[in-house]
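Residue numbers (UniProt numbering): 1 to 745. Beta carbons: idealized from backbone N, C-alpha and C, even for Gly.
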């Protein structure tokens, strides 16, 4: 874009280096500690009785005299003047018969600015009345029932104090544009209430100065700037930062803008909320120039401070009932969380749920690796992409009523989600909540065309930007926006996040303690099982041997019933021996240290399959699908895992051709192994039971019998590797056992 046509030039204008002041005062630039005058405004003769050429290079004593200079030095030593403008004292210049207010501030580069403004004795006499007016106004502001009434009263009272034709309360939107939300205006003048103004009307440099200083007075829009003149040892080319100067000359774009509006004088005060520029109170006079004395300006600035402090509380009062409902909903949610110990399920099922408690149209919940949607929301892929974008932001919370402006892809689903309020539990995962509000189209009244923030003048043979001249009503239908999120709603979301984090921390600690207790119990149980099974083996072997000897030596002398009883004892002791051996194996898996090494599973499985050839297992047909990976594991334990699963696949299979397939999906992390068969299958209701020790689904002798400990031992061996096992099956359709093998971290 051609530089002359770059509308952002205004945003780069350094208006703090104006090099000139307004004529209702005089300014001196001094060097400390000697207080030598380096620059002076060209109008010092009017206020100090001395022309600039008689001041430059001199000490301030030539203006104030020795006694007043000593008083000034004392005040300078007591006051912090960096980043603030303070009235220091009233002075009587030696060469002038009229007293002045003396203001001071220090620039970042160490210069001292002294500003002189005529002292109005009549205004000083009326100052006590101003104090009473401000005091009464504050009491009335505190008593207003709503934020709307609060601002209506504020602008009316400031107009009464200042005597301006028009006083407006002006609120900034997130896009920088502004809206007149309250107005007190002289009868006969056109109202600006409800009008919106584009962001370009107040460029960023002006906003920066509004954040720094609370008050800006322009008594005469048509004034002629007074230049700063410099001495020979401080060239005028050296700019002086006038950010905190109340006399600083304003931008010609600003004065042109006001002239086009028919304004003769202005007074603008800042409204801050949580340290950020929230809006302005703008006073305009249309009839003639209007100067406000210092005492009146102080009263207005005091009111601006109090309005900024009170408006947050007034907003809170207005939504007090809603805040109570939100707080009660959070308490109910927390009670349910600590009762159920299930975050995702509780957030979805609690009533009122996370959707209705916040007056949203839709909710997305990320938790435990799951995404659940309530109400009207974008699609799951769109929400996942939005979550990825939120993850790039440093903040863990985000609120917007104009989402397509902040996140352009949202234009594709703005009808259901033009507003977003989101909180994430942490930076580590997308877990959190998103509330959506649907598009709320509305007609906005603009003071002139918002798409034409300036005029272009090319009549003089060059292209120049001029302040816009048209403020005619311009109606625009605004799309892609939702209802605004209230402060109390944003606070509720942040508080809910804090409380959920507290629950997660407490729940995690509770689980950690339980796991420690379980680990200790398991160790004790393993030790007990090992000791019992080891100690029982010897007497059981003795019983079995004695019965065998009795049967051989004296069996012929026993009756048929006696011989049957001996056979039963032998059968039961063999059964008991199998159970004890299984218990011993189970306890051994939990006690032994894993011998980790790199193992090629292709060779390992090939050796295992040698024991399951068709001659050993009629009808067996076992295939390995693809190549198996090489992993870090305990060779013996993993061999037992594959052997047990393959054995079960053949054992619980009544097909003539018993098919078993072994494979691994290496695209997953960690890789997932599987053993698939065409056997009898398992009903889903037994998926948990089959992994419990000594729990069989069939009769003791059905399908070759067994103790029911094989899958339990397999599961424990897998878990010792840090993996897990699960099954997919249905009766008559075969089974697929999936498992992972991850070495301990």
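Judged by pairs of C-beta atoms under 8 Å, the segment 31–48 does not touch the segment 251–263, as fewer than three such pairs exist. Less than 8 Å separates the beta-carbon of residue 209 from that of residue 243. With a 10 Å radius around the Cβ and a threshold of 16 neighbouring Cβ atoms, residue 40 comes out buried.
Of the candidates 711, 670, 163, 670 places its Cα closest to the Cα of residue 741. As DSSP reads the structure, residue 622 sits in a beta bridge with 660. When the Cα atoms are used, residue 378 and residue 412 turn out to be separated by approximately 9 Å. In the structure shown, residue 389 adopts helical secondary structure according to DSSP, grouped into three states.
Secondary structure of residue 338 (DSSP, three-state): helix. For residue 734, there is no enclosing alpha helix (DSSP H), as DSSP gives it neither H nor E. Within the segment 366–440, the runs of alpha helix (DSSP H) that reach at least 4 residues and sit entirely inside it are, in chain order, 380–391, 403–406.
Distance from the CA atom of residue 404 to the CA atom of residue 414, rounded to whole angstroms, is 7 Å. Around the C-beta of residue 324, fewer than 16 other C-beta atoms lie within 10 Å, and the residue is accordingly described as exposed. Judged by beta-carbon spacing, residue 24 lies within the 8 Å limit of residue 291, meaning their Cβ atoms are closer than that value. In the three-state reduction of the DSSP assignment, residue 246 falls in the coil class, being assigned neither a helical nor a strand state. When DSSP reads this structure, residue 104 sits in a beta bridge with 86, 114.
The three-state reading of DSSP puts residue 312 in helix, counting H, G and I together. Under the three-state reduction of DSSP output, residue 26 falls in the strand class. Secondary structure at residue 20: strand, using DSSP grouped into helix, strand and coil. Put simply, the backbone Cα of residue 595 is about 10 Å away from that of residue 632.
Beta-carbon to beta-carbon, residue 644 and residue 725 are separated by about 11 Å, too far to satisfy the 8 Å threshold. The DSSP-derived three-state label of residue 285 is strand.
From the listed residues 638, 289, 129, 271, the smallest Cα separation to residue 607 is found for 638. Bounds of the beta strand (DSSP E) holding residue 634 are 630–634.
Residue burial annotation: residue 660 is buried, with at least 16 other C-beta atoms found within 10 angstroms of its C-beta.
Excluding its 5 nearest sequence neighbours in each direction, residue 646 has C-beta neighbours in its own chain below 8 Å: 608, 609, 612, 622, 660, 662, 675, listed in chain order. With a beta-carbon spacing of about 6 Å, residue 735 and residue 679 fall inside the 8 Å limit used to define contacts. Its Cα nearest to that of residue 496, the residue 332 stands out among 56, 332, 727, 62. Residue burial annotation: residue 254 is buried, with at least 16 other C-beta atoms found within 10 angstroms of its C-beta.
Per DSSP, reduced to three states, the secondary structure at residue 502 is helical. Judged by DSSP secondary structure, residue 204 falls within the alpha helix (DSSP H) whose first and last residues are 204–212. For the pair residue 372 and residue 437, the CB atoms are not nearer than the 8 Å cut-off. By the Cβ criterion, the segment 132–146 is in contact with the segment 288–304, since at least three pairs of Cβ atoms, one from each stretch, lie closer than 8 Å. Residue 728 sits in a strand when the DSSP states are folded into three classes.
Distance from the Cα of residue 504 is smallest, within the candidate group 368, 617, 441, for 368. Looking from the CA of residue 374, the closest CA among 381, 384, 360 belongs to 360. Taking the CA atoms as reference points, residue 718 sits about 55 Å from residue 174.
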